[in-house]
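Numbering-wise, numbering that gives the first Met the number 0 puts 413 at position 414 of the sequence shown, and it's gapless, one number per residue. Every residue, glycine too, gets a C-beta built ideally from N, C-alpha and C. Keep in mind the model is a prediction, meaning the values are calculated, not measured. What follows is a short report on a single structure.
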Amino acid sequence: MKQNIRSVMAIALAGCMGLLTARVDGATYYWDTDGSIGGFGDIAGMWGTSAFWSADSTGASDGALTPITTSDGINFGTDTLALGSTASAVGVSGAVTVNSITFGAAQAAPVTLSGGTSITLGGTTPSITVNNASNTISSVLAGSSFTKVGNGTLTLSGTNTHTGTTTISAGTLRLQGGAFSTTPRTWSIAPGAVLNIAGNTGIATGTTTNSGAGTLRVSGGAWGSSAANRFVAISMGAEAVIDLQAGASMAGYYQGFRWTGNQSTLNVDGTLELWDGNQVTAGPLTGAGTITKGTAVTPQTLTVGSGNGSGTFSGTIVNPAGTIALTKTGTGTQTLSGNNRYSGGTTVSNGVLLVNGSITGSVSVVSGAYLGGTGAITGNVTFASGARAIFTNDAPLRFTGTVTLNGSAVHLTLPDNLAEGTYLLATNTIGGFSGTFAAIPVIASGSAVAPCVTSTDANAVRLIVSSTDTTAPTPDPMTFASPPAALNTSTVVMTASTATDGFNPPVEYFFTNTVNGNTSGWISGTVWTNSGLTEGVSYGYRVKARDSATVPNETAFSSVFNAVPSEPTIFWDANNTVSNRTDGSGTWLNPNQWWTGNANSTWDNTLPNNAVIGNGGAGGTITLGTVTAGSVMFTNFTGTYT
């Protein structure tokens, strides 16, 4: 019989003084069912009652009924010798302890450890190594922290009670049933490793934490809790992936999932149910599954892009109950290519959002962020000043709500050497475009054979590629920024909108008095003052613009606006209310305290303005300062003015 050696003495040189230290390690044993015959025999046996533990790694020595301790390591096969050729189980008798369990790389047949009271992992840095096949421990796993090692798959299916941190350093750790849901603990997933939540799995009372840079995979059932005070904190790194596979679901009942600080890719091929509770934060969104909302009480926000990565989601985001809102953050590109029907709106706060499928609800694009694609957006869209659009020639993004533009730049995805012509970039057949995009686009990829400009009208955005300038400035027809208004009894002043031209700037302006025939001639400024007029006569005005081409291209004239020379009358507007006149308290000379009939303005002491105070509201206190006025009329208010 083989003599069991319980310890090994290691002697090391501890320093230049010649001191010696001793280190005591546990023994290493191999499961060997065929006695002194070389090799390890079959798998079947009972840990705790079978005399199958051998210290011989070749399997040539007899085994013994050895009590394994928390300092010992046990092996089922080695890297060169397999244990058995068919799947089988090793039973566990009572409560056993061990420091490490290793399933050798040569082992091809799966091994299952089952039964007994528990297997306790203890000692220094306990571990379970699976180097090749898929192995299972269905016995209760007890103890504290341990590490899953090796590229193979280990399945835990017992109602485990181990605590602390479980580290998956390589391969896959697969959890079924009570292996995850009985005790809260921390799961740390290394790069390339996988923690697989398999089957219908609940959540332990308390807080369970998932972290690391590997993959958290949910497969084959529902993961969630139907009871309160059961939480899973998900805080994975930007290199990590949360992989919700087809047929699986995650349901955040009772605020069960907490996503604070998470940056991992969120791959949804199954169903992610947001319910009511914590907002969802992730890196790029990928997959072809469904993101939905189960109740109508609390709006949910899905924030994607936190790790600055890029991804494409071809599935559906839908809120049959309540609302889901989407926020795109981070510098990466998020593409939505499915038919999405969420109603909480979309905010593009950073990076790029490409809609190649469809989305509903309003969209807000902040300065520095990008919105584009080749799909459809049905809600109202606002591009802030400094926001950008990404379009592709003749693959237009289709809008149906009102799209508000603020001179946003257009970034183009083109083929190489795009030929001269006019190409459709975006359409809007219902709500229309309000404002214009910048005339000069940015070519983000590809090229064109001639200069490019964008042209925006109420229903379309077009790209014009031309070596010959036949395009008038924008806007066309021209408009007034400030319509004609009386400056005094003989003068009318007006301001044209600033026109732009991508081919041949700068732009010039031409103002016309349609009553007496006065004109400004072609001038470079947007302001024209028409003097020498007759008090009380109504004059009409219009404006057009042209570029600086050899043969200039002119816009159409604006609509005609009328003005009557007179001492201007303006109205007290204490609360700066646009398109209104509001009574109340304020300071006479403060900015925008007066309404001209067209816009809020500031009192001008150089003009003999007539002031009208009162619009059916309450009085108040007006702080004067030094004021020059033609007249002051108080009318139609209650109370008193001081």
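Asked                                                                                                                                : Found
N-terminal and C-terminal residue of the beta strand (DSSP E) that residue 420 is part of                                            : 420 to 427
DSSP three-state assignment for residue 610, whether helix, strand or coil                                                           : strand
As assigned by DSSP and simplified to three states, the class of residue 175                                                         : strand
C-alpha gap between residue 459 and residue 348, whole angstroms                                                                     : 25 angstroms
Cα-Cα separation, residue 563 to residue 527                                                                                         : 15 angstroms
Reduced DSSP secondary structure (H/G/I, E/B, other) of residue 336                                                                  : coil
Neighbourhood of residue 215 by C-beta distance below 6 angstroms, restricted to the same chain and skipping five residues each side : 194, 209, 241
Inter-stretch contact (C-beta, 8 angstroms, three-pair minimum) for the region 94 to 103 and the region 68 to 78                     : yes
Exposure label - residue 633; buried when at least 16 CB within 10 Å                                                                 : exposed
Residue 299, DSSP secondary structure in three states                                                                                : strand
Beta strand (DSSP E) runs contained entirely in the region 106 to 144, provided each spans 3 or more residues                        : 110 to 113, 117 to 120, 126 to 129, 133 to 136, 140 to 142
Any beta strand (DSSP E) of 3 or more consecutive residues that is wholly inside the region 480 to 504                               : 490 to 495
Spatial distance of residue 322 from residue 350 (CA atoms)                                                                          : 24 angstroms
DSSP-derived helix/strand/coil call for residue 53                                                                                   : strand
Nearest-angstrom Cβ-Cβ length linking residue 108 and residue 42, presumed shorter than 8 angstroms                                  : 7 angstroms
Closest by C-alpha distance to residue 34, when choosing among 54, 26, 47, 27                                                        : 54
Environment of residue 152 [buried if 16+ CB atoms lie within 10 Å]                                                                  : buried
C-beta contact flag for residue 554 and residue 472 at 7 angstroms                                                                   : yes
Through-space distance from residue 324 to residue 455, alpha-carbon basis                                                           : 29 angstroms
Strand pairing of residue 413, partner residues [DSSP]                                                                               : In DSSP, residue 413 forms no bridge with anything.
One or two residues paired with residue 461 in a DSSP bridge                                                                         : 423, 454
According to DSSP, residues forming a beta bridge with residue 292                                                                   : Beta-bridge pairing links residue 292 to no other residue.
7 angstroms Cβ cutoff met for residue 318 and residue 342                                                                            : yes
Where residue 180 falls: helix, strand or coil (DSSP)                                                                                : helix
Residues sharing a beta bridge with residue 194, DSSP                                                                                : 172, 215
Alpha-carbon to alpha-carbon, residue 50 and residue 2                                                                               : A caution first: residue 2 carries a pLDDT of 38, below 50, which makes its placement in the model too unreliable to give a value.
Selection from 177, 187, 175, 148 that minimises the alpha carbon distance to residue 169                                            : 148
Runs of beta strand (DSSP E) wholly within the region 519 to 560 (minimum 3 residues, chain order)                                   : 526 to 529, 538 to 545
Whole-angstrom distance between residue 379 and residue 430, CA atom to CA atom                                                      : 8 angstroms
Proximity to residue 607 [Cα-Cα], best of 485, 532, 428, 522                                                                         : 485
With 16 other Cβ atoms within 10 Å as the buried cut-off, status of residue 66                                                       : exposed
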